[in-house]
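The next block holds one structure in the form of C-alpha cells; read it before the comments.
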Amino acid sequence: IACPLFVPLVENGYINRDNQVTRMVAEDYLKPIIGTDLDTLILGCTHFPIIKEIIGDILGKDVKLIDSGYETARTAAAMLSRENMLLNSEQLGNRSFYVSDSIETFTENATIFLNEEITGSVEHHVW
C-alpha cells in the first residue's frame, strides 16, 4: 500500500500517537486491509516506524509490524560478525552527516529518527 503522505507528516512532527491528522490519513490508507486476514505488515519506508504505534492501533494487536530498517541493520550486523568485521567496542565512533537539504531541517528530522540529539559534524553539499 502506498502511503506518500506519511513522509511529510513524520518530517513535520505529526508523530504523536494521539495526532488526529496522522490517524485520519493512516485510517484512509489502511482501510483496504483493515479486518482482513493480514497477520504481518512490513513497514517498507524509514519514516513508517516513527508512526508505528498509530499504524498498530488501527490494524490491531494481532498484526505484527516489521521495521524494515531495523531488520536490515540486524542482518548487516550478523553478516559483519560472520566475516569478523564487526567492531565490538563500547566507544562510539565519530559521525559526519552530509546533507542536500537545510542543516536545520536535517537536524530536526534526524533527532526524531534516531531518538537522540545529533552529535558530530553536519555539512551542506550540493551534489
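Quick note on numbering: the sequence shown equals residues 50 to 176 in our numbering.
C-beta atoms are modelled at their ideal positions from N, C-alpha and C, and glycine is treated no differently.
> Going along the chain, which unbroken runs of the beta strand (DSSP E) with 3 or more residues stay wholly within the stretch 110-172?
Replying inline: 113-116 and 145-148
> In whole angstroms, what separates the C-alpha of K101 from that of E139?
Replying inline: 29 angstroms
> Expressed to the nearest angstrom, what Euclidean distance is found between the alpha-carbon atoms of P19 and N143?
Replying inline: Residue 19 cannot be examined here, being either before or after the span of the chain that is shown, 50 to 176.
>> If I measure Cβ to Cβ from A126 and keep anything under 7 angstroms in the same chain, skipping five residues before and after, which residues do I get?
In response: L135
> In whole angstroms, what is the alpha-carbon distance linking A75 and N158?
Replying inline: 20 angstroms
> Under the three-state reduction of DSSP, which class applies to L54: helix, strand or coil?
Replying inline: coil
> Which of helix, strand or coil does DSSP assign to T95?
Replying inline: coil
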